[in-house]
Amino acid sequence: MDLTLRHSLREDRMHGDVTFPLAAYWMEYAPGEVNVDCHWHDEAEFLVVLEGEMLFQIDTEYFPVRAGEAVFIDSGDIHAGHSLNGSSCTYCAIVFDVRWLDSTSYDAVQETCVRPFQEKKKTFPRHISPDSGWKRQLLFLLRCMINCCRAPYAGFEAAVKGYFYLMLHEIAIENRACNRSEARTDDRTRIERLKKSILYIQLHYRRQIRIGELAEQIPMSEGQFFRFFKSMTRQTPVEYLNAYRVNQAAELLLHTERKISDIALEVGFDHISYFVKVFRKTLNCTPSDFRKQKRNPAQNGALQGETAFPVLLRHSAFQSEKYKPNL
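Below, the structure is given as structure tokens:
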């Protein structure tokens, strides 16, 4: 796959495989370092905060999420995570294809639970907190799924799918499910504009991109675009572009033997000194230290498979092999 698109705003990758399209990712951020950039994917996602807290964004909605709480992200929703009160944060994300829940025949479960969920007519609340008995049950079932994926065993897939059906049962009860089949027109317009502008970044990040270029895609004036982009992402266009470039550079540092100077040029940085400065600001380490520590965590004071540095931008970028399901 072209590295340009490997970890784009719209993720173009399979989570799990065709027989079990689900994957779990464990992520750990040091205090003040939570920064999961805006992205979306065709799969739905549960994100369970295990320790600490973060400020989560789904489309135009923001809310704090703390340990013991969860977030649900419908297919296609733009989402991001931000530092909250300088806290650290550890979470598990479960990403899955909603078609995986289909029945082999059109039965009552398909009609009353699965299809309304897939159409977003009866879906989960975006923020799941333990403020009611049925939400506590959802959180319990999510923890059961996490435990299955943490240490997979023969037949664990059936258990995970069973927990999903139990969760659908919980929201099938009257006045529990949310209907997000039709977004407000103004919100939908803002979201589509954001997707369009960042897709432009993903396609052209290797060269210089002017704010005016991005503004023309909407179209807006440069000043309007700057304010719009920051209101949607909590980053300026330049901050987002640099973070995206660092994300691509990190992939090349991990998976190739190319020189750091060549990687800097490849991802759009004209000067190696500026690249190192931005990389250090994003990950609190130099590119060379990142490559060394990520490849040899046990030799640098970190347990094998654990995150020695804050994880870049998107939870799918660095999956903890220690907990990866054998899919």
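Oh and the sequence shown: position 158 is 1530 in the working numbering, straight run, nothing missing.
The C-beta atom is built at its ideal place from N, Cα and C for all residues, glycine as well.
These figures come from a predicted structure and were not determined experimentally.
Spatial distance of residue i from residue j (CA atoms)
i	j	result
Asp-1503	Ile-1545	17 Å
Phe-1662	Glu-1638	18 Å
Lys-1492	Tyr-1646	44 Å
Ser-1459	Glu-1405	8 Å
Val-1532	Cys-1520	7 Å
Ile-1543	Leu-1626	42 Å
Arg-1471	Phe-1641	41 Å
Arg-1652	Glu-1585	27 Å
Ala-1689	Ile-1500	Unreliable positioning characterises Ala-1689 in this predicted model, as indicated by a pLDDT of 31, which lies under 50. A coordinate reading is not provided.
Thr-1658	Arg-1579	22 Å
Cys-1461	Ala-1480	40 Å
Tyr-1695	Glu-1417	In this predicted model, Tyr-1695 has a pLDDT of only 32, less than 50, meaning its place in the structure is not dependable enough to derive any value.
Ala-1513	Phe-1536	At residue 1513 the sequence reads Leu, which differs from the Ala that was named. Cα-Cα distance, rounded: 8 Å.
Val-1437	Lys-1664	33 Å
Ala-1587	Thr-1608	13 Å
Glu-1433	Gln-1482	30 Å
Lys-1507	Phe-1444	12 Å
Thr-1605	Leu-1511	28 Å
Phe-1392	Ile-1590	38 Å
Per DSSP, cross-strand counterpart(s) of residue i
i	result
Pro-1436	Leu-1427
Ile-1445	Glu-1417
Tyr-1401	Cys-1461
Phe-1392	Asp-1389
Gly-1453	Val-1408, Phe-1428
Exposure label - residue i; buried when at least 16 CB within 10 Å
i	result
Asn-1614	buried
Arg-1599	exposed
Thr-1411	Position check: residue 1411 holds His in this sequence, whereas Thr was assumed. Flag for His-1411 reads buried.
Ala-1526	exposed
Ala-1523	exposed
Integer Cβ distance of residue i from residue j, believed to fall under 8 Å
i	j	result
Leu-1540	Val-1486	7 Å
Gly-1453	Ala-1439	That pair is no contact at about 14 Å.
Asp-1409	Tyr-1612	7 Å
Quiz item: Of all the alpha helix (DSSP H) runs that stay within the bounds of the region 1646-1670, which reach a length of 4 or more residues?
Solution: Correct list: 1659-1667.
Quiz item: Unbroken beta strand (DSSP E) runs of length 3 or more, entirely within the region 1458-1529: which are they?
Solution: DSSP assignment within the region 1458-1529 yields the following whole beta strand (DSSP E) runs of 3 residues or more, N-terminal first: 1461-1468.
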